[in-house]
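K.L.:
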Amino acid sequence: MKANPKLVIRVLANPLTRGLLRSLTRQRADGGCDLADIFARYGQPDLTLDERVRYALPFALVDVLARLAGSSRTFVRDQVFTHQARARALVATARSVGRYGVTRPQRFSSPLLVVWNFTQACNLRCAHCYQDARRRLPDELGLTEQLQVLETLARNDVPLLALSGGEPMMSPTFWPVAERAAKMGFHLSVATNGTLIDRDAAHRLRDTGFKYVEISVDSVDEATHDRFRGSPGYWRRAVAGIQAVAPIEGMRVALAATITRLNFNELEALLRFAKELGCDCFYAFNFIPTGRAKDIVELDLSPAQREEMLRILFEHMQSDSIAIITSAAQLARYCVSQAEDARTVVNTGHYGHGRGGAAKLLSEYVGGCGAGRVYCAIQPNGAVTPCVFMPLPIGHILTDDFPRLWDEHPVLELLRDRERRQGHCRTCDYKYFCGGCRARPFGYYGDLTMPDPGCIFNQDAWDRLQQTTAPAVEAAG
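Below you can see the structure in the form of structure tokens.
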């Protein structure tokens with residue numbers, strides 16, 4: 112059956128469906144819920160008579176939604192429900208629809224992704240580091256507290272967990288925490304500079320349970336990369352890290368590059384290099400003026416340059432040879448403005464791609480900037496921020512009520528409301544697909560509501576910004 116996403120949305124928005132989802136996702140004292148039990152038993156051949164009766168209605172609803180989505184019962188059972196992280200994501204999504212309805216952008220009852228800046232320690236001194244990472248902080252969480260963080264996230268049905276830094280692999284608790292996280296069913300990723308990954312470390316990452324490894328390479332030229340990263344010899348070690356991970360079954364590896372005026376003309380070459388190295392993904396990070404990057408704002412792309420970056424990424428997306436990810440929220444806008452059957456990014460930076468009208472419709476509900484809506488960050492000391500690029504603590508993962516923090520904090524409420532914007536970001540026809548990167552205006556203006564000055568539709572904001580920052584740029588140059 113052909114997918115009918117509009118009908119799926121109507122079914123989910125129906126008050127009867129929402130009431131059923133609220134009932135099925137109500138959390139029990141043991142942390143579970145009826146919907147998780149249904150997923151575990153769906154399509155199984157050994158159901159008892161009591162289970163067949165008890166699950167008849169929810170199984171029927173799952174069957175209807177699966178057919179409307181163009182999937183079979185076998186696919187849903189084997190590829191979704193038996194995958195713990197995917198099942199957890201579906202529980203969180205169902206709970207969100209039951210609680211808030213179908214909204215644009217979709218509001219979630221808990222983050223689907225948490226990026227954990229695991230430590231402030233780092234062996235590099237990258238010019239654009241959003242953490243200004245150097246050495247371990249005195250108040251970083253210890254192992255016992257870190258394991259408590261995992262319990263909190265699992266209790267709130269967070270499916271995706273990414274360990275970042277600093278350099279996360281420098282932490283003495285990296286491996287024990289990762290091992291526990293994998294056993295708890297998280298889809299586990301690591302963002303690393305790659306310099307600590309050799310063949311043995313790569314296999315240990317796989318054996319521990321990591322599914323995705325992201326390694327930073329900012330140039331195809333060794334000297335350029337090493338100057339940007341602070342010391343010679345690190346390009347070779349990063350590339351060797353990618354080469355160690357790429358052949359291993361069961362893990363995806365990404366080459367990640369922050370695109371600035373230093374490497375803008377190398378974008379095509381970086382994409383070719385990633386493919387030659389056997390990477391599964393290419394991650395184009397947006398420049399964000401935070402951390403040490405505040406000192407190099409003159410390297411930010413102009414709106415016209417960023418639009419060209421989007422064009423190049425979009426063209427490469429149309430091939431299946433490598434997955435394209437970016438933290439530039441405008442990529443979704445660029446995709447949906449193209450041909451109807453073009454491959455479209457569903458959610459910038461966090462999810463995958465799809466082709467045709469169904470993907471474009473889904474992108475309208477879950478697309479664009481996900482800070483404080485789809486994901487949040489945890490700092491090395493346990494502070495919660497809306498995004499790794501926003502040094503804006505809103506609470507503490509262990510000492511605050513995390514569900515209440517996520518549901519009610521005014522900063523997160525603002526990030527979820529795309530009417531509360533200035534400039535073209537407020538009136539844009541694509542605001543539900545994009546919304547602009549909120550970290551960029553926060554970095555430039557200290558105001559989350561200001562327009563993203565990197566978008567072609569906000570050229571006037573960019574021009575004004577260049578006038579106000581010109582003296583600083585001249586001094587830096």
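Counting the sequence shown from 1 gives a position; our numbering is that position plus 111. For each residue, glycine too, the CB sits at the ideal point set by N, CA and C.
#1: Distance, Cα to Cα, Ile489 vs Gly276?
#2: With 16 other CB atoms within 10 Å as the buried threshold, where does Ala302 fall?
#3: Could you tell me the distance, in whole angstroms, from the CA atom of Leu146 to the CA atom of Val175?
#4: Taking the DSSP output, what are the residues bridged to Tyr394?
#5: Run through the DSSP bridge pairs and tell me what Thr319 is partnered with.
#6: DSSP on Thr459, reduced to helix/strand/coil?
#7: To which residues of the same chain is Gln195 closer than 7 Å at the C-beta, ignoring the five residues directly before and after it?
#8: Would you kindly work out how many angstroms separate the C-alpha atoms of Pro502 and Thr319, rounded to a whole number?
#9: Note down the Cα distance separating Glu360 from Pro562, rounded to an integer number of angstroms.
#10: Express the C-alpha separation of Gln155 and Gln259 in angstroms, rounding to a whole number.
#11: For the pair the region 388 to 401 and the region 435 to 442, tell me if three or more CB-CB distances fall below 8 Å.
#12: The alpha helix (DSSP H) with Ile149 in it runs from where to where?
#13: In this structure, does DSSP put Leu179 in helix, strand or coil?
#14: Could you give the C-beta distance for Cys237 and Arg340, rounded to a whole number, given that I count them as a contact under 8 Å?
#15: Assuming Ile423 is part of the alpha helix (DSSP H), what are its boundary residues?
#16: If contacts are defined as beta-carbon pairs under 8 Å, then Thr335 and Asn234 qualify, I think. What distance do you get, rounded to the angstrom?
#17: Would Pro552 be called buried (16 or more neighbouring beta carbons within 10 Å of its own) or exposed?
#18: Within a Cβ cutoff of 6 Å, which residues of the same chain sit near His239, ignoring the five residues on either side of it in sequence?
#19: Buried or exposed: which applies to Ser342, given that a residue is buried once 16 or more other Cβ atoms fall within 10 Å of its Cβ?
#20: Buried or exposed for Gln578, going by 16 or more other Cβ atoms inside 10 Å?
#21: Which residues mark the beginning and the end of the beta strand (DSSP E) in which Leu299 is found?
#22: Assuming Leu223 contacts Tyr486 under a Cβ cut-off of 8 Å, what Cβ separation, rounded to an integer in Å, is found between them?
#23: Return the residue from the list Glu333, Ile399, Gly547, Trp286 that minimises the CA-CA distance to Arg347.
#24: Are Thr560 and Arg532 close, meaning C-beta to C-beta below 7 Å?
#25: Quick check on DSSP: helix, strand or coil for Val269?
#26: Closer than 8 Å by C-beta to Ile433: which residues in its own chain qualify, once you throw out the five before and the five after it? Chain order, please.
#27: Using only CA atoms, which one of Val522, Leu421, Leu274, Pro564 lies nearest to His535?
#28: For Gly588, does the three-state DSSP call read helix, strand or coil?
#29: Can you tell me which of the three DSSP states Glu325 falls into?
#30: What's the gap between the Cα of Pro116 and the Cα of Asp512?
#31: Exposed or buried, Glu325, counting other C-beta atoms within 10 Å across all chains shown (16 or more means buried)?
#32: Does Arg109 come out as helix, strand or coil in the three-state DSSP assignment?
#33: How many whole angstroms separate the CB atoms of Gly478 and Cys545, which I take to be in contact at a CB cut-off of 8 Å?
#34: Could you compute how far the alpha carbon of Ala167 sits from the alpha carbon of Ala177?
#35: Quick one: using the 10 Å Cβ neighbour count with 16 as the cut-off for buried, is Gly588 buried or exposed?
#36: Please report the straight-line C-alpha distance between Lys471 and Asn569, rounded to a whole angstrom.
P.N.:
In terms of the structure at hand:
#1: 10 Å
#2: buried
#3: 16 Å
#4: Ala367, Ile436
#5: For Thr319, which the question treats as bridged, DSSP gives no partner whatsoever.
#6: Residue placement at Thr459 is flagged as unreliable, the pLDDT there being 48, under the threshold of 50; the coordinate-derived value follows with that caveat. Reduced to three states, the DSSP call for Thr459 is coil.
#7: Gly296
#8: 31 Å
#9: 43 Å
#10: 34 Å
#11: yes
#12: 145 to 152
#13: helix
#14: 5 Å
#15: 414 to 428
#16: Not confirmed; about 19 Å, so no contact.
#17: buried
#18: Thr369, Ala404
#19: exposed
#20: exposed
#21: 298 to 303
#22: 6 Å
#23: Glu333
#24: yes
#25: coil
#26: Leu382, Ala385, Lys386, Cys390, Asp391, Cys392, Phe393, His427
#27: Pro564
#28: Residue placement at Gly588 is poorly supported in this model, since its pLDDT is 32, which falls under 50; the coordinates are not used for a value here.
#29: strand
#30: 35 Å
#31: buried
#32: Past the boundaries of the shown model lies residue 109; the chain is included only from 112 to 588, so the question cannot be answered.
#33: 7 Å
#34: 15 Å
#35: Annotation note: pLDDT 32 at Gly588 (below 50); position unreliable, coordinate value reported separately. Exposed: under 16 other Cβ atoms inside 10 Å.
#36: 23 Å
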